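Student: Mind having a look at this structure? Questions to follow.
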Amino acid sequence: MIPDPSRKYRAYPPIALPDRQWPGRTLTHAPIWCSVDLRDGNQALAVPMNVSQKLELFDALLKCGFKEIEVGFPAASNTEFAFMRRLIEDKRIPEDVTVQVLVQAREDLIQRTVESLVGVNKAIIHLYNSTSPAQRRVVFGLEKPQIVEMARRGTRWIRERLPLLAGSQIRMEYSPESFSATEVEFSLEVCEAVVAEWQPSAENPIILNLPDTVEVAMPNVYADQIEWFCKNLKSRETSIISLHTHNDRGTGTAATELALLAGADRVEGTLFGNGERTGNLDIVTVALNLYMHGINPGLDFSHINALREVYERCTGMTVPPRHPYAGELVFTAFSGSHQDAIRKGFAEREKNGGEAIWDVPYLTLDPSDLGREYREVIRVNSQSGKGGVAYLLESQFGIELPKDLQREFGPLANDLVDALGREVTAAELKTMFWREYVERHTPLALHHFHADGVEGVFRCRASLRLDGADLAVTGEGNGPIAAFVNALAGAGLPAFEVTDYRQAALGSGTEASAISYVQIRTGDGRLVWGAGVNTHIQLASIEGVVSALNRAGLAGGR
Ligand code: KIV
Ligand code: ZN
Numbered sequence: 000m001i002p003d004p005s006r007k008y009r010a011y012p013p014i015a016l017p018d019r020q021w022p023g024r025t026l027t028h029a030p031i032w033c034s035v036d037l038r039d040g041n042q043a044l045a046v047p048m049n050v051s052q053k054l055e056l057f058d059a060l061l062k063c064g065f066k067e068i069e070v071g072f073p074a075a076s077n078t079e080f081a082f083m084r085r086l087i088e089d090k091r092i093p094e095d096v097t098v099q100v101l102v103q104a105r106e107d108l109i110q111r112t113v114e115s116l117v118g119v120n121k122a123i124i125h126l127y128n129s130t131s132p133a134q135r136r137v138v139f140g141l142e143k144p145q146i147v148e149m150a151r152r153g154t155r156w157i158r159e160r161l162p163l164l165a166g167s168q169i170r171m172e173y174s175p176e177s178f179s180a181t182e183v184e185f186s187l188e189v190c191e192a193v194v195a196e197w198q199p200s201a202e203n204p205i206i207l208n209l210p211d212t213v214e215v216a217m218p219n220v221y222a223d224q225i226e227w228f229c230k231n232l233k234s235r236e237t238s239i240i241s242l243h244t245h246n247d248r249g250t251g252t253a254a255t256e257l258a259l260l261a262g263a264d265r266v267e268g269t270l271f272g273n274g275e276r277t278g279n280l281d282i283v284t285v286a287l288n289l290y291m292h293g294i295n296p297g298l299d300f301s302h303i304n305a306l307r308e309v310y311e312r313c314t315g316m317t318v319p320p321r322h323p324y325a326g327e328l329v330f331t332a333f334s335g336s337h338q339d340a341i342r343k344g345f346a347e348r349e350k351n352g353g354e355a356i357w358d359v360p361y362l363t364l365d366p367s368d369l370g371r372e373y374r375e376v377i378r379v380n381s382q383s384g385k386g387g388v389a390y391l392l393e394s395q396f397g398i399e400l401p402k403d404l405q406r407e408f409g410p411l412a413n414d415l416v417d418a419l420g421r422e423v424t425a426a427e428l429k430t431m432f433w434r435e436y437v438e439r440h441t442p443l444a445l446h447h448f449h450a451d452g453v454e455g456v457f458r459c460r461a462s463l464r465l466d467g468a469d470l471a472v473t474g475e476g477n478g479p480i481a482a483f484v485n486a487l488a489g490a491g492l493p494a495f496e497v498t499d500y501r502q503a504a505l506g507s508g509t510e511a512s513a514i515s516y517v518q519i520r521t522g523d524g525r526l527v528w529g530a531g532v533n534t535h536i537q538l539a540s541i542e543g544v545v546s547a548l549n550r551a552g553l554a555g556g557r
């Protein structure tokens with residue numbers, strides 16, 4: 000990089016628009032969407048999609064609800080031409096869907112494009128040529144009037160061929176390519192020449208697509224360009240203003256949203272932002288941004304993971320894990336404080352019957368609306384706290400740890416995860432819990448326990464092993480646990496008392512068992528938890544006591 004970038008670069012000049020309206024507006028409805036996955040997206044792939052991949056992606060786009068789909072550039076290659084023919088001849092285009100094809104302003108290309116459309120029900124022919132000063136200078140070597148003439152001639156060549164498509168509903172789209180890098184007055188001049196040539200009507204409006212082919216400015220500048228264009232276009236009532244942003248400065252989404260505020264009607268883009276260089280606008284993001292503001296986007300992303308899979312299989316691209324809405328990690332919290340807030344947010348929703356306006360901390364929308372599961376939300380690594388650990392054990396295995404036990408196990412689990420140096424699964428956490436609490440059979444192990452009682456007085460007999468030696472004890476108390484505590488005291492184990500005891504069912508059916516959580520206070524005042532699992536509830540509780548003793552270091556070494 001150079002120390003003074005102003006020697007090499009300059010900011011794009013602002014648009015003179017003192018009475019701009021867009022900053023004061025809000026979005027209230029969805030635009031017309033047009034997917035360009037099969038054209039702009041496909042053109043940008045190192046290995047373009049073959050016909051069967053294109054068909055699969057086309058069907059996926061239909062399933063999302065796209066009603067306008069740019070399917071290719073039929074004059075560019077045999078595959079593109081064959082794909083268009085296949086869609087028409089196999090009747091794969093639903094009645095309410097319009098296919099779109101792209102073509103440059105060359106007569107032979109227009110002829111071939113029109114031939115590819117014979118028999119189509121509804122189509123948009125999309126003509127484009129570059130208009131920016133750099134393209135006029137270095138690509139065409141032409142002056143402005145010749146560029147205007149190029150666009151007008153291309154439009155005429157299309158119009159002259161309409162009789163070949165009699166019986167089809169054909170609409171015209173024109174793009175002054177590099178619109179955002181073109182003088183707005185000149186873009187308007189070219190578009191008005193095209194409009195004059197095409198003669199659109201309110202019933203058959205023309206689409207004027209104003210591409211941010213390469214992002215050259217901040218998104219507010221694009222919005223100004225769009226507002227300026229809408230204000231100054233003579234044929235606004237017979238024109239659909241369309242946006243087509245790319246993402247070179249990483250602001251494709253912002254540019255589209257602001258330009259919608261500025262008056263545009265239609266948006267072109269791709270799934271997950273595939274496209275040339277940094278990609279096209281990601282339609283999924285803009286649509287779901289509308290959705291999370293309570294606006295029906297008119298596109299259905301209820302199965303976003305499945306859509307992502309189709310997209311990745313067909314294009315060979317991958318959706319990054321942090322990609323808005325669709326990335327693997329975007330609804331995931333590793334941080335303990337985030338996990339805690341999310342868990343509380345879910346709990347509050349549940350308490351309200353799930354009907355209230357969405358307001359769960361850290362989650363822009365309900366992942367289940369996109370077919371994503373709650374269990375994707377909370378994942379545990381060394382950054383996570385007790386909340387995440389507890390959430391996973393509860394949501395995956397129904398193991399609801401008492402709050403105090405969560406406080407004890409959380410840091411222990413955290414240390415184990417830290418030592419592993421990676422994320423852990425719920426099953427791994429369960430194993431950690433079992434090792435730490437349930438499988439604590441040394442130095443004291445329970446072999447047999449029996450208790451019965453009358454009128455609140457229980458007597459128990461237990462056989463145990465302590466430090467490898469058999470130990471038989473008897474005792475009595477006001478319940479089986481109290482009787483066992485009494486029996487151990489009688490056998491000379493250090494004094495302790497049971498300060499908390501909970502039990503819960505674990506699993507169901509023939510596999511059903513019980514889990515007990517037992518907290519003891521040792522003679523020196525420490526509070527220590529134990530847990531026991533058994534098909535007999537009474538045995539689970541006694542094993543819980545044994546586990547707590549072993550963990551507290553009270554048994555053995557006498
Ligand atoms: O980015 C662009 O300008 C294009 C045009 C062909 C519309 O893709
Ligand atoms: Zn493009």
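Start counting the sequence shown at 0; every next residue gets the next number (numbering that gives the first Met the number 0).
The C-beta atom is built at its ideal place from N, Cα and C for all residues, glycine as well.
Only a predicted model underlies this, so the values are computations on that prediction, with no experimental measurement involved.
For glycine 531, tell me which candidate among Ser334, Gly543, Gly524 has the shortest Cα-Cα distance.
Tutor: When each option's Cα is compared against that of glycine 531, the closest is Gly543.
Student: Report the rounded CA-to-CA distance for threonine 534 versus isoleucine 514, giving the unit in angstroms.
Tutor: Roughly 9 Å separates the two Cα atoms.
Student: Answer yes or no: do proline 22 and leucine 259 have a C-beta to C-beta separation smaller than 9 Å?
Tutor: Not in contact: proline 22 and leucine 259 (Cβ atoms no closer than 9 Å).
Student: Would you check if the distance between the CB atom of isoleucine 206 and the CB atom of isoleucine 239 is smaller than 9 Å?
Tutor: Cβ distance < 9 Å, so isoleucine 206 and isoleucine 239 count as in contact.
Student: In this structure, how does DSSP classify glutamine 198 when only helix, strand and coil are distinguished?
Tutor: Coil, per DSSP.
Student: Are there 16 or more other CB atoms within 10 angstroms of the CB of glycine 384, so buried, or fewer, so exposed?
Tutor: The residue is buried, with at least 16 neighbouring Cβ atoms inside 10 Å.
Student: Can you look up threonine 244 in the DSSP assignment and give me helix, strand or coil?
Tutor: Of the three classes helix, strand and coil, the one that applies to threonine 244 here is strand, per DSSP.
Student: For the alpha helix (DSSP H) that tryptophan 357 lies in, which residues bound it at each end?
Tutor: Run containing tryptophan 357: none; DSSP gives neither H nor E here.
Student: By the three-class DSSP mapping on this structure, what secondary structure does aspartate 281 have?
Tutor: If DSSP states are grouped into helix, strand and coil, aspartate 281 belongs with the strands.
Student: For the region 436-443 against the region 410-425, are there 3 or more C-beta pairs whose distance is under 8 Å?
Tutor: Verdict: no, contact absent.
Student: Within 10 angstroms of the Cβ of arginine 307, are there 16 or more other Cβ atoms? Answer buried if so, exposed if not.
Tutor: Label assigned to arginine 307: buried.
Student: My output table needs one value for glutamate 561: the three-state DSSP class, helix, strand or coil.
Tutor: Residue 561 is absent from the model: the chain starts at 0 and stops at 557.
Student: Roughly how far, in whole angstroms, is the beta-carbon of tryptophan 147 from the beta-carbon of glutamate 188, given that I think they are within contact range, below 8 Å?
Tutor: Checking the displayed sequence, the identity of residue 147 turns out to be valine instead of tryptophan. Confirmed, about 6 Å.
Student: When every heavy atom of the ligand ZN is checked, does at least one fall within less than 8 Å of the C-beta of proline 199?
Tutor: Because no heavy atom of the ligand ZN lies under 8 Å away, the Cβ of proline 199 does not count as near it: no.
Student: Report yes if the C-beta of asparagine 279 is less than 8 Å from at least one heavy atom of the ligand ZN; otherwise report no.
Tutor: Asparagine 279 Cβ: within cutoff of the ligand ZN.
Student: Less than 8 Å between C-beta atoms, sequence neighbours within five positions excluded: which residues of the same chain meet that for valine 46?
Tutor: For valine 46, where only same-chain residues beyond five positions count, the Cβ hits under 8 Å are Gly315.
Student: Given 8 Å as the limit, is there contact between the region 270-280 and the region 3-18, that is, 3 or more CB pairs closer than that?
Tutor: No contact exists between the region 270-280 and the region 3-18.
Student: Taking asparagine 477 as the reference, which of Glu435, Val497, Asn231 has the closest Cα?
Tutor: If we check each option's Cα against that of asparagine 477, Val497 comes out closest.
Student: Which residue marks the beginning of the beta strand (DSSP E) containing leucine 101, and which one marks its end?
Tutor: Per DSSP, leucine 101 belongs to the beta strand (DSSP E) from 97-103.
Student: Can you check whether the CB of tryptophan 528 is closer than 9 Å to the CB of leucine 404?
Tutor: Taking 9 Å as the Cβ cut-off, leucine 404 and tryptophan 528 qualify as a contacting pair.
Student: Counting only the same chain and skipping the five closest in sequence on each side, list residues whose C-beta sits under 8 Å from that of valine 220.
Tutor: For valine 220, where only same-chain residues beyond five positions count, the Cβ hits under 8 Å are Tyr11, Pro13, Ile14, Ser179.
Student: From the DSSP output, in three-state form, read off glycine 268 for me.
Tutor: Strand.
Student: Assuming tyrosine 392 and phenylalanine 448 make a contact with CB atoms under 8 Å, what is their CB distance in whole Å?
Tutor: In the sequence on display, residue 392 carries leucine and not tyrosine. With a Cβ gap of about 27 Å, leucine 392 and phenylalanine 448 do not count as contacting.
Student: Using only the heavy atoms of the ligand KIV, determine whether one of them is closer than 8 Å to the beta carbon of proline 30.
Tutor: Outside the cutoff, so no.
Student: Going residue by residue through the region 428-467, where are the continuous beta strand (DSSP E) segments of at least 3 residues, counting only ones entirely within it?
Tutor: Segments of the beta strand (DSSP E) lying fully in the region 428-467: 443-453, 456-465.
Student: How is the beta strand (DSSP E) around isoleucine 123 delimited, first residue to last?
Tutor: Segment 121-129, the beta strand (DSSP E) holding isoleucine 123.
Student: Verify whether the separation of the beta carbon atoms of cysteine 459 and glutamate 435 is less than 9 Å.
Tutor: Contact flag unset, no.
Student: Mapping DSSP to helix, strand and coil, what is serine 540?
Tutor: Residue state, collapsed to three classes: helix.
Student: Is leucine 37 close to the ligand KIV? I mean its beta-carbon at under 8 Å from any heavy atom of the ligand.
Tutor: No, the beta carbon of leucine 37 sits no closer than 8 Å to any heavy atom of the ligand KIV.
Student: Please classify leucine 287: does DSSP put it in a helix, a strand, or coil?
Tutor: Leucine 287: helix per DSSP, three-state reduction.
Student: Count the other CB atoms within 10 Å of the CB of alanine 346; is the residue buried (16 or more) or exposed (fewer)?
Tutor: By the 10 Å Cβ count, alanine 346 comes out exposed.
Student: Taking alanine 165 as part of the alpha helix (DSSP H), name the residues at either end of that continuous run.
Tutor: From DSSP, alanine 165 is part of no alpha helix (DSSP H); its letter is neither H nor E.
Student: How far does the beta strand (DSSP E) with isoleucine 14 in it reach, from first residue to last?
Tutor: No beta strand (DSSP E) holds isoleucine 14; DSSP gives it neither H nor E.
Student: Name the DSSP bridge partner or partners of aspartate 499?
Tutor: Note: aspartate 499 sits in a beta bridge opposite Gln518.
Student: Under 9 Å between the Cβ atoms of arginine 111 and leucine 54?
Tutor: Not in contact: arginine 111 and leucine 54 (Cβ atoms no closer than 9 Å).
Student: Decide if the region 357-365 is in contact with the region 337-346; the criterion is three or more beta carbon pairs, one per stretch, under 8 Å apart.
Tutor: Result yes; three or more Cβ-Cβ pairs closer than 8 Å.
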